[in-house]
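Novice: Here's a structure for you.
Protein chains: 2
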Amino acid sequence: MQTVRASSSSQPAPALLLRDISLPRRSPDAVALGFTRTVAKDEEIFAEGERPAFIYKVVSGAVRTFKLLSDGRRQIDAFHLPGDIFGIETGEEHRFTAEALGDATIVLYRRSSFGALALDCGELSQQIVSAMMRSLEQAQNHMLLLGRKNALEKVATFLLVLAKRISKDDRIDLPMSRLDMADHLGLTIETISRSLTQLERKGIIDLPTHRLIVLRDKEALERLDT
Amino acid sequence: MQTVRASSSSQPAPALLLRDISLPRRSPDAVALGFTRTVAKDEEIFAEGERPAFIYKVVSGAVRTFKLLSDGRRQIDAFHLPGDIFGIETGEEHRFTAEALGDATIVLYRRSSFGALALDCGELSQQIVSAMMRSLEQAQNHMLLLGRKNALEKVATFLLVLAKRISKDDRIDLPMSRLDMADHLGLTIETISRSLTQLERKGIIDLPTHRLIVLRDKEALERLDT
DNA sequence: CGATTAGTTGACTAATCTCAAGACTTGTGG
DNA sequence: CCACAAGTCTTGAGATTAGTCAACTAATCG
Numbered sequence: 001m002q003t004v005r006a007s008s009s010s011q012p013a014p015a016l017l018l019r020d021i022s023l024p025r026r027s028p029d030a031v032a033l034g035f036t037r038t039v040a041k042d043e044e045i046f047a048e049g050e051r052p053a054f055i056y057k058v059v060s061g062a063v064r065t066f067k068l069l070s071d072g073r074r075q076i077d078a079f080h081l082p083g084d085i086f087g088i089e090t091g092e093e094h095r096f097t098a099e100a101l102g103d104a105t106i107v108l109y110r111r112s113s114f115g116a117l118a119l120d121c122g123e124l125s126q127q128i129v130s131a132m133m134r135s136l137e138q139a140q141n142h143m144l145l146l147g148r149k150n151a152l153e154k155v156a157t158f159l160l161v162l163a164k165r166i167s168k169d170d171r172i173d174l175p176m177s178r179l180d181m182a183d184h185l186g187l188t189i190e191t192i193s194r195s196l197t198q199l200e201r202k203g204i205i206d207l208p209t210h211r212l213i214v215l216r217d218k219e220a221l222e223r224l225d226t
Numbered sequence: 001m002q003t004v005r006a007s008s009s010s011q012p013a014p015a016l017l018l019r020d021i022s023l024p025r026r027s028p029d030a031v032a033l034g035f036t037r038t039v040a041k042d043e044e045i046f047a048e049g050e051r052p053a054f055i056y057k058v059v060s061g062a063v064r065t066f067k068l069l070s071d072g073r074r075q076i077d078a079f080h081l082p083g084d085i086f087g088i089e090t091g092e093e094h095r096f097t098a099e100a101l102g103d104a105t106i107v108l109y110r111r112s113s114f115g116a117l118a119l120d121c122g123e124l125s126q127q128i129v130s131a132m133m134r135s136l137e138q139a140q141n142h143m144l145l146l147g148r149k150n151a152l153e154k155v156a157t158f159l160l161v162l163a164k165r166i167s168k169d170d171r172i173d174l175p176m177s178r179l180d181m182a183d184h185l186g187l188t189i190e191t192i193s194r195s196l197t198q199l200e201r202k203g204i205i206d207l208p209t210h211r212l213i214v215l216r217d218k219e220a221l222e223r224l225d226t
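Protein chains in written order, with UniProt numbering: chain X, 1 to 226; chain B, 1 to 226.
So, in structure tokens, the structure goes:
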């Protein structure tokens, strides 16, 4: 596991600075006004868990979006450069924190302006959009796992995620091999095996057969899930 | 680096098996017919690089989607369980390979049925959808990097990606600190530093200042990018 | 300038991988 | 229904990569 270093953090800067109100160019359905805002180095633009009120676009400078584990380990999912849109959410909270890398200028579009986003799409498109969004959320959580969790944490998280999807009374009938798990979690089959054994020794899971896992202590797993 | 093991691979199974033609329920804009297909264990459903002709939905069984590095290292981005939609692409090729984990049943929807996907959305939604898609593609590439590349490969890939976005004649003016790079690539600042030094020693890059990187040998970087 | 922060380098440690052997499962055919 | 074969999983020992800690150097900001 890795040392957690303080992120370079100046103090949070003043309030929102209105500069300019620009209409999105050539947009016929432009209900969205754009506010321009300047942000200082390391200033927070929005925080994980907040209700998303805007969608953002970088005008100048650069922005990082990241997730944190409870002990401060951080995974930056992306750097956003001029022209990039970020902060899109379909749910009720931001799943990242966004901060400026250096001084930056961004444009904010009221989220309410385009309502539930997918609503002005046909129903089929809507299904597809929501499938994309689910993939994206999964991918983003998975980056945190791959970049910042150790082997035991990876396996614990994986079991919990799988349990939510397919467990019957805390029994998981694994649909995949150890090799598949390994290639999903960025580990080797041996490390998967050792991690499972370790969880079993601690009484957290049972392994009646190789393909069946019984979760005996979900709380303990959740503690590992950080 | 990690040993590459052969994926359990039976031989590719026969052709497409039409079973059933079902209309998507309650869908008013349902131009899409659903074909049901059964696939055998480890059978390929589509391959990375292929032109995407369908969108898929798992009916029974489970499916893995993955990317490979040139030497066979594999990153499974997701397991798809009954009800899950997978294989959505906005571009002209599949960016993953999909295979059945065990015997499985899937439904195929002709992609042409909903045309360019975003087309029946308003223009603004369309921008948002395409921003989502970009994030998703980035996230998926990044999972491969986080899960299966070593430190030097990570840094090399990062520099190339960054160069494509912001380099002027192969000079990158880094907008982020070493800590930011580290937290993006799942490494520590020391390892970032050592990797950059190593690239410099090999004559692949120059580091005139900490925030400026000159790419001297892109080919070599691309070779590391696998 | 001088102080502070950011980045580099070295020596050492720890986590995970690699390689190898053995055990368990599963499927097949006698 | 048992025995064997093939594949899958587990375990151990040693190697390797990246992390940790610490000292030093370079850059940046008042």
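For glycine and all other residues, C-beta sits at the position ideal for the given N, C-alpha and C.
Name the chain B residues that come within less than 9 Å of X:H94, Cβ to Cβ?
Specialist: Result: empty, since nearest Cβ-Cβ is about 14 Å, beyond 9 Å.
Novice: Contact defined as beta carbons within less than 8 Å: I believe residue 245 of chain X pairs with X:E92. What is the distance between those atoms, to the nearest angstrom?
Specialist: Absent from the structure is residue 245 of chain X, since the part of chain X shown begins at 1 and ends at 226.
Novice: Does residue 228 of chain B come within less than 8 Å of chain X when only Cβ atoms are used?
Specialist: Summary: the structure shown does not reach residue 228 of chain B, with chain B confined to residues 1 through 226, and so no result is reported for it.
Novice: Would you kindly check if the distance between the Cβ of B:R171 and the Cβ of B:V129 is under 8 Å?
Specialist: Against a cut-off of 8 Å, the Cβ pair of B:R171 and B:V129 comes out as no contact.
Novice: Does B:F66 get closer than 8 Å to chain X when you measure Cβ to Cβ?
Specialist: Judged by the 8 Å Cβ criterion, B:F66 is in contact with chain X.
Novice: Between B:L146 and X:L162, is the Cβ-Cβ spacing less than 8 Å?
Specialist: Contact: no.
Novice: Taking only heavy atoms of the ligand PLP into account, decide whether any of them is closer than 7 Å to the Cβ of B:S135.
Specialist: For the ligand PLP, the structure offers nothing, since it holds no ligand at all.
Novice: Apart from the five residues on each side of it in sequence, which residues of its chain come closer than 7 Å, Cβ to Cβ, to B:D217?
Specialist: Around B:D217: G203, I204.
Novice: Going by beta-carbon coordinates alone, are B:L185 and B:K154 separated by less than 8 Å?
Specialist: Against a cut-off of 8 Å, the Cβ pair of B:K154 and B:L185 comes out as a contact.
Novice: Please report the straight-line C-alpha distance between B:E99 and X:A182, rounded to a whole angstrom.
Specialist: Rounded to the nearest angstrom, the two C-alpha atoms are 16 Å apart.
Novice: Between the alpha carbons of X:E48 and X:R95, how many angstroms are there, rounded?
Specialist: Looking at the two C-alpha atoms, the distance is approximately 5 Å.
Novice: Quick check on B:S125: buried or exposed, where buried means 16 or more other Cβ atoms within 10 Å of its Cβ?
Specialist: It is buried - the Cβ of B:S125 has at least 16 other Cβ atoms within 10 Å.
Novice: Which bits of chain B does X:A142 rub up against, with CB to CB less than 9 Å?
Specialist: It should be noted that the sequence gives His, not Ala, for residue 142 of chain X. Here the neighbours are D77, A78, A139, M143, L146, G147.
Novice: Is DSSP giving X:G147 helix, strand or coil here?
Specialist: Of the three classes helix, strand and coil, the one that applies to X:G147 here is helix, per DSSP.
Novice: Looking at the secondary structure, which residues open and close the alpha helix (DSSP H) in which B:D225 lies?
Specialist: Unbroken run through B:D225: none, as it is neither H nor E.
Novice: Is B:S135 helix, strand or coil when you go by DSSP?
Specialist: Correct three-state label for B:S135: helix.
Novice: Can you tell me whether X:S193 is helix, strand or coil according to DSSP?
Specialist: X:S193 falls in the helix class under three-state DSSP.
Novice: Can you list, in chain order, the residues of the segment 167–193 of chain X whose Cβ is nearer than 8 Å to any Cβ on chain B?
Specialist: Those would be P175, M176, S177, L179, D180, D183, H184, L185, G186, T188, I189, in chain order.
Novice: According to DSSP, is X:A100 part of a helix, a strand, or is it coil?
Specialist: Strand.
Novice: How close, in whole Å, do the beta carbons of B:F166 and X:L101 come, if the pair is a contact with beta carbons under 8 Å?
Specialist: In the sequence as presented, Phe is not what sits at residue 166 of chain B; that position holds Ile. Going by Cβ atoms, the distance from B:I166 to X:L101 rounds to 12 Å, so no, they are not a contact pair.
Novice: Output needed in chain order: residues of the segment 34–60 of chain X with a Cβ under 8 Å from some Cβ in chain B.
Specialist: Within the segment 34–60 of chain X, the residues whose Cβ lies closer than 8 Å to some Cβ of chain B are I55, listed in chain order.
Novice: Go ahead and label X:E43 buried or exposed: buried means 16 or more other beta carbons lie within 10 angstroms of its beta carbon, across all protein chains shown.
Specialist: With 16 or more other Cβ atoms within 10 Å, it is buried.
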